[in-house]
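*Asks:* Add 25 to a position in the sequence shown, counting from 1, and you land on the number used in this note's numbering. Glycine included, C-beta positions come from ideal geometry on N, C-alpha and C.
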Amino acid sequence: MKVPVSWLSEYVRFDLPIEELARRLVFSSCEVDRIIRRGVADDDGNLGLFLVGKVVEAGQHPNADRLQLCQVDVGEGEPRQIVCGAWNFGEGASVAVALPGAVLPDGTKLDERPLRGEVSRGMILSERELELGVDHSGIIVLDDAPEPGTPLADVLPLTETVLDIETGFNRPDLTAIYGIAREVAAVADGELAPMSGRDPERAADEPVDVRVEDFEGCPRYVGRTFSGATISPSPVWMRARLTAAGMRPISNVVDVTNYVMLALGSPLHAFDRTLLAEGRIVVRRARPGEKIRTLDGTERELDPTDLVIADAERPVAVAGIMGGENSEVRPETTEILLEAANFDPLTVLRSSRRLRLRTDASTRWEKGVDPYLAKNAAVLATQLIVELAGARWTGHTDVHAELPQPPVVQLRPELPERLVGMPFPVEEQVARLQRLGFEVDGDRVRVPTWRMRDVTRPVDLVEEVARFRLEEVPATLPTREAVAAQLTRSQRLRRLAEEVLVGAGFYEAYTWSLVPLGEGRIPLDEPYSTELAALRTDLELGLVESAERNRNAGVERVALFELARVYTPVGQQLPAEPWHVGAITEGGYLGAKGALETLYRTFHVEPQFRAGGGREATTPEGRVRELDGGWGFFELDLDSLFERVPDLPLYEDVITFPALKQDLAFVVDEGVLAGDLVAAARAAAGPELRDMRPFDVYRGEQVGPRKKSIAFAVAFQSPERTLSDEDAAGLRKRIVQALSERFGAVLRA
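1. Check whether the stretch 560 to 567 and the stretch 535 to 544 are in contact - that is, three or more C-beta pairs closer than 8 Å.
2. In whole angstroms, what separates the C-alpha of R379 from that of E551?
3. Could you spell out the range, first to last residue, of the alpha helix (DSSP H) harbouring Q96?
4. Report back the beta-carbon spacing between P258 and N283 to the nearest angstrom; my notes put them in contact at under 8 Å.
5. According to DSSP, is W262 part of a helix, a strand, or is it coil?
6. Hey, quick one: how far does the beta strand (DSSP E) through F659 stretch, first residue to last?
7. Ignore the nearest five residues each way along the sequence and tell me which others in Y532's own chain have a CB closer than 6 Å to its CB.
8. Taking C-alpha atoms, which residue in T255, A690, V108 lies nearest to P356?
9. Using only CA atoms, which one of E103, F682, G115 lies nearest to C95?
10. Apart from the five residues just before and just after R635, which ones in its own chain have a Cβ nearer than 8 Å to its Cβ?
11. According to DSSP, is A507 helix, strand or coil?
12. Does the pairing of the stretch 281 to 301 with the stretch 400 to 412 give three or more beta-carbon distances under 8 Å?
13. Mind pulling the beta strand (DSSP E) runs of 3 or more residues that sit fully within the stretch 450 to 487?
14. Pull up the DSSP beta-bridge partners for P29, would you.
15. For the alpha helix (DSSP H) holding E565, just list the boundary residues, first then last.
16. Can you look up L521 in the DSSP assignment and give me helix, strand or coil?
17. Please specify which runs of the beta strand (DSSP E), each continuous and at least 3 residues long, are wholly inside the stretch 34 to 103, giving them in chain order.
18. Are the stretch 451 to 460 and the stretch 263 to 274 touching, with three or more C-beta to C-beta distances below 8 Å?
19. Grouping DSSP H, G and I as helix and E and B as strand, with all else coil, what is T268?
20. Can you give me the Cβ contacts of V569 inside the same chain, cut-off strictly under 6 Å, excluding the 5 residues immediately before and after it?
21. Considering only C-alpha positions, which residue in the set E660, R62, D160, W112 is nearest to L566?
22. Just the C-alpha distance for G100 and V128, rounded to the nearest angstrom, thanks.
23. Could you check the C-alpha separation between R223 and Q408 for me, to the nearest Å?
24. So, do the stretch 140 to 147 and the stretch 169 to 187 have three or more beta carbon pairs nearer to each other than 8 Å?
25. Could you have a look at D328 and say whether DSSP puts it in helix, strand or coil?
26. Output needed for S546: all residues of its chain with C-beta closer than 6 Å, excluding positions within five of it in sequence on either side, in chain order.
27. Less than 8 Å between the beta carbons of L289 and Y203, yes or no?
28. Measuring CB atoms only, is the stretch 487 to 501 touching the stretch 418 to 425, in the sense that at least three cross pairs come out at less than 8 Å?
29. I'd like to check one pair, I346 with V373: are the Cβ atoms closer than 8 Å?
30. What are the boundary residues of the alpha helix (DSSP H) that P603 is part of?
31. What separation, rounded to the nearest whole angstrom, lies between the Cα atoms of T474 and T481?
32. Assign M220 to one of three DSSP states: helix, strand, or coil.
33. Determine the burial state of K618: buried for a count of at least 16 other Cβ atoms within 10 Å of its Cβ, exposed for fewer.
34. Going by the CB atoms, is the gap between N351 and L300 shorter than 8 Å?
35. For Y625, I'd like the list of residues in its chain whose CB is within less than 6 Å of its CB, leaving aside the five on either flank, ordered along the chain.
36. Can you give me the start and stop residues for the alpha helix (DSSP H) that A708 sits inside?
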């Protein structure tokens with residue numbers, strides 16, 4: 026958003042240099058991307074060479090059909106001869122003149138020079154030459170101008186400083202120059218003027234036919250009617266302000282709607298009332314098959330989810346986004362219906378995205394405009410339409426549902442110091458909040474309507490107080506009592522899972538929650554694209570794409586993991602959002618299975634692997650397998666895994682006593698799983714069986730048909746003493762007995 030400082034200064038008085046003001050705004054309120062200097066340079070007396078002139082003679086140039094030869098009084102006693110190429114003025118006109126030596130905004134320095142044999146001793150200026158607008162077809166004609174020789178800067182904004190500002194999504198009030206003025210008043214202790222606008226006397230009291238059929242999409246609609254308007258160019262001052270703010274002037278009535286939107290932040294729209302069927306406004310959802318040709322000349326097919334402004338027969342605007350050609354204000358328009366409404370942010374956002382149509386109005390509605398602002402906007406627009414278009418205000422209506430009430434938040438004076446780490450006297454807190462428009466009554470703070478969306482809790486009040494002193498915040502850690510809460514069990518376990526995988530050599534990835542349509546996936550009602558059309562039900566696609574991208578970029582030993590939510594359908598309700606962890610590695614099936622076993626061991630949970638087809642195995646919480654390209658991949662449902670995690674410290678002291686290691690091989694039936702043998706051995710031997718891993722499987726004549734031999738690397742260890750050979754023998758005997766009784770296992774010699 027571009028904020029002309031001269032316009033800003035009408036709403037707030039401040040004494041800071043503009044560079045210092047910009048710096049403070051960056052710290053407290055919004056990003057000031059740059060400071061723009063527009064117009065005539067105010068240095069070395071340059072402004073003094075721009076004067077008001079009066080044309081005392083004007084006629085055809087003797088040597089050029091397209092030029093005028095003028096005598097212009099600029100207050101010097103004798104008129105100056107000036108050659109001009111414009112013909113939109115004549116004798117008696119007051120004009121803007123630049124004398125020889127003046128430097129124009131584009132850097133051109135004027136001098137006396139002959140034009141077709143006649144010396145021109147100055148230049149009569151157009152809007153574009155002064156950067157006041159884009160019109161170059163004619164020169165500026167000054168109405169009710171002061172005496173010739175008056176400094177032109179007293180009449181026109183020849184110089185302008187513009188703040189190029191970027192505001193956050195949660196601050197719709199900062200999309201208005203008056204909203205920026207509130208911030209300036211707070212940051213610079215300036216004096217804020219009342220919001221501009223006053224209702225002129227109403228010329229009639231005719232009914233305004235406005236019918237709102239969808240109060241969810243349009244909580245409020247203010248409609249005002251005008252007659253006898255004359256559509257013409259806006260005065261120079263308004264065109265100059267709109268141009269400096271980045272908007273193209275169009276005509277007085279249309280410019281008023283844009284001017285008020287920039288000034289107060291509430292978008293408006295003006296209809297030619299004679300083009301509305303039965304003079305009626307109906308706010309409703311679009312009907313199947315309806316279309317509208319918007320003001321940009323594009324015919325758009327509407328959807329029943331789109332909110333439209335219609336007359337008695339057809340849509341005349343896409344609500345909050347753009348009007349239609351079938352009701353636009355034209356040069357011949359005399360009857361006007363002004364719209365000052367309030368639209369639901371999500372409704373506007375969805376239609377804007379679906380139609381691929383973003384406008385200055387839709388950007389503001391998407392952020393959420395103060396519903397109480399519509400009346401103020403209508404008042405200021407009414408004043409300007411009457412003054413600039415000569416219209417008569419003839420009707421008014423305000424149709425609305427129950428408007429939301431501003432929240433009341435508890436003021437906790439001790440909270441800022443606890444959270445920020447520096448003292449904030451309660452008097453300072455109250456003064457700062459009141460300067461920002463909050464009403465403070467003891468420990469109750471009523472939030473102003475323009476901040477209802479983002480200030481709802483005591484901590485939000487802390488931010489309002491503290492953000493103006495951010496440069497003073499000490500570089501210290503918060504005290505323990507400032508910590509609001511401890512991590513939940515699930516949060517602690519998720520962090521532990523991340524640490525284990527990082528320690529195993531994996532890097533964390535973040536992939537899209539939205540994926541292409543596919544079997545079992547949850548489709549979006551309004552997909553962003555064919556590639557982002559459904560909610561993911563697992564993490565595999567995103568991790569595979571990320572791994573392939575890294576491999577193609579030449580990264581060696583790719584190993585990625587993601588810990589995130591997936592989405593599973595639950596009947597007609599909103600989907601469940603369980604936590605999953607997925608990992609992919611170039612180590613193939615064994616590399617992924619090894620990382621998965623490390624994760625299970627960390628949580629003191631037995632994996633209980635079940636073999637699948639090929640290089641694949643499942644566990645109660647997920648699966649591990651080898652993918653095309655040699656990738657190893659596993660994915661677990663963490664919520665299910667955490668249900669099996671015992672409530673004991675997951676970090677244990679390092680055992681300093683040595684381990685006794687042995688290899689044991691058991692002959693079992695072909696269908697017996699290694700994981701089941703390990704589980705039974707652990708149950709029999711107890712905690713002193715520290716590790717038992719299969720490292721070899723043999724099938725052949727020595728073990729017989731439909732049999733196999735599984736060899737295990739076994740480690741016995743105690744945290745209290747060094748185990749003896751007799752201890753190990755006893756543990757081994759218990760294991761052999763348990764496996765023999767349960768599986769018929771035979772220990773091989």
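*Replies:* Taking the coordinates as given:
1. yes
2. Position 354 of the sequence shown, counted from the start, is the residue given in the question as residue 379. Position 526 of the sequence shown, counted from the start, is the residue given in the question as residue 551. In a straight line, the C-alpha of R379 is about 8 Å away from that of E551.
3. Position 71 of the sequence shown, counted from the first residue, corresponds to residue 96. Premise fails: Q96 lies in the beta strand (DSSP E), 89 to 98, not in any alpha helix (DSSP H).
4. As a first step, residue 258 is located in the sequence shown; it is residue number 233 there, counting from the start. As a first step, residue 283 is located in the sequence shown; it is residue number 258 there, counting from the start. Going by Cβ atoms, the distance from P258 to N283 rounds to 14 Å, so no, they are not a contact pair.
5. Translated into positions along the sequence shown, residue 262 becomes position 237. Looking at W262 - three-state DSSP - the assignment turns out to be helix.
6. Translated into the one-based positions of the sequence shown, residue 659 becomes position 634. Note, F659: beta strand (DSSP E), 657 to 662.
7. Locating residue 532 in the sequence shown gives position 507, counting from the first residue. Excluding positions up to five away in sequence, the list reads L585.
8. The sequence position of residue 356 within the sequence shown is 331, counting from 1. For P356, the nearest C-alpha among the options comes from T255.
9. One-based indexing of the sequence shown puts residue 95 at position 70. The candidate whose alpha carbon is nearest that of C95 is G115.
10. On the sequence shown, position 610 is the one that residue 635 refers to. Around R635: A642, T643, T644, L698, G700.
11. Position 482 of the sequence shown, counted from the start, is the residue given in the question as residue 507. The predicted model places A507 with a pLDDT of 46, which falls under 50 and marks its position as unreliable; any figure quoted below should be read in that light. A507: helix per DSSP, three-state reduction.
12. yes
13. 464 to 466, 469 to 471
14. Translated into positions along the sequence shown, residue 29 becomes position 4. According to DSSP, which records beta bridges pairwise, P29 is partnered with V187.
15. To locate residue 565, count along the sequence shown from 1; it is residue 540. Note, E565: alpha helix (DSSP H), 565 to 577.
16. For the purposes of this step, residue 521 is identified with residue 496 of the sequence shown, where counting begins at 1. Correct three-state label for L521: helix.
17. 56 to 64, 75 to 86, 89 to 98
18. no
19. Walking along the sequence shown from the start, residue 268 turns up at place 243. Three-state result, T268: helix.
20. Here residue 569 corresponds to residue number 544 of the sequence shown, with the count starting at 1. Nothing listed; no residue qualifies.
21. Reading the sequence shown from its first residue, position 541 is the one you call residue 566. It is E660.
22. Counted from its first residue, the sequence shown places residue 100 at position 75. Counted from its first residue, the sequence shown places residue 128 at position 103. Spanning the two alpha carbons is a distance of roughly 20 Å.
23. Start at 1 with the first residue of the sequence shown, and residue 223 comes out as number 198. Start at 1 with the first residue of the sequence shown, and residue 408 comes out as number 383. Between R223 and Q408, the C-alpha separation is close to 6 Å.
24. no
25. Within the sequence shown, residue 328 is the residue found at index 303, counting from 1. Three-state result, D328: coil.
26. Along the sequence shown, read from residue 1 onward, the residue named residue 546 stands at position 521. It should be noted that the sequence gives Arg, not Ser, for residue 546. So the qualifying residues of the chain are A559, T562.
27. One-based indexing of the sequence shown puts residue 289 at position 264. One-based indexing of the sequence shown puts residue 203 at position 178. Closer than 8 Å, so yes.
28. no
29. Position 348 of the sequence shown holds residue 373. Position 321 of the sequence shown holds residue 346. Yes; because the gap between Cβ atoms is below 8 Å, this pair is in contact.
30. As a working note, residue 603 is residue 578 in the sequence shown. Run containing P603: none; DSSP gives neither H nor E here.
31. Reading the sequence shown from its first residue, position 449 is the one you call residue 474. Reading the sequence shown from its first residue, position 456 is the one you call residue 481. Roughly 12 Å between the two C-alpha positions.
32. For this step, residue 220 is matched to residue 195 along the sequence shown. Looking at M220 - three-state DSSP - the assignment turns out to be coil, as it is neither helix nor strand.
33. Position 593 of the sequence shown, counted from the start, is the residue given in the question as residue 618. Buried, since its Cβ has 16 or more Cβ neighbours within 10 Å.
34. Translated into positions along the sequence shown, residue 300 becomes position 275. Translated into positions along the sequence shown, residue 351 becomes position 326. The answer is yes: Cβ separation under 8 Å.
35. As a position in the sequence shown, residue 625 is number 600, starting the count at 1. Contacts found: P632.
36. Here residue 708 refers to the residue found at position 683 of the sequence shown. A708 -> alpha helix (DSSP H) spans 699 to 710.
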